[in-house]
Amino acid sequence: YKVAFGPVTTLTDTQNKNNSCPPSASSTQRVVFSWIVLSTDGKVAYKNIPRRLQDTLEQRSNSWAAVADISLGVGGSYFCRFLDGTCDYCLPAH
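Printed below as a string of structure tokens:
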């Protein structure tokens, strides 16, 4: 097995509970973890990965090459190499 963990993201939900003017906002925060597991039989399990990567993995046929290596980065960035040598990636400009 290979495992990759992505960055931990904190999402803030702001609410104006009393509909006051000006709003007195209260917020709740939740932590979002991302990860992906590559099994030795070619199967992939994941949670909260970038949408583009999720689409790529879901669109690949079972007869296509399995994922060989993967790395998750910040801001939706990732790099994925398949056993046939092809790659898919979304990297930051700088």
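Using the numbering used here, the first residue of the sequence shown is number -13, and each one after it goes up by one. All C-beta atoms in this analysis are idealised placements derived from N, C-alpha and C, irrespective of residue type, glycine included. The model shown is predicted, which means the values in this text are computed figures rather than measured ones.
Item, Value
"Apart from the five residues on each side of it in sequence, which residues of its chain come closer than 6 angstroms, Cβ to Cβ, to residue -12?", "24"
"For residue 57, which beta-bridge partners are listed by DSSP?", "65"
"From residue 54 to residue 16, what does the alpha carbon distance come to, in whole angstroms?", "32 angstroms"
"Just the Cα atoms here: how many angstroms apart are residue 32 and residue 69?", "19 angstroms"
"With DSSP run on the structure shown, which of helix, strand or coil describes residue 16?", "strand"
"How should residue 77 be labelled, buried or exposed, when 16 other C-beta atoms within 10 angstroms of its C-beta is the threshold for buried?", "exposed"
"Note the first and the last residue of the continuous alpha helix (DSSP H) segment covering residue 41.", "37 to 45"
"Which residues does DSSP list as the beta-bridge partners of residue 52?", "None, per the DSSP bridge assignment."
"Quick check on DSSP: helix, strand or coil for residue 147?", "Since the first residue shown for the chain is -13 and the last is 80, residue 147 is missing from the structure and cannot be characterised."
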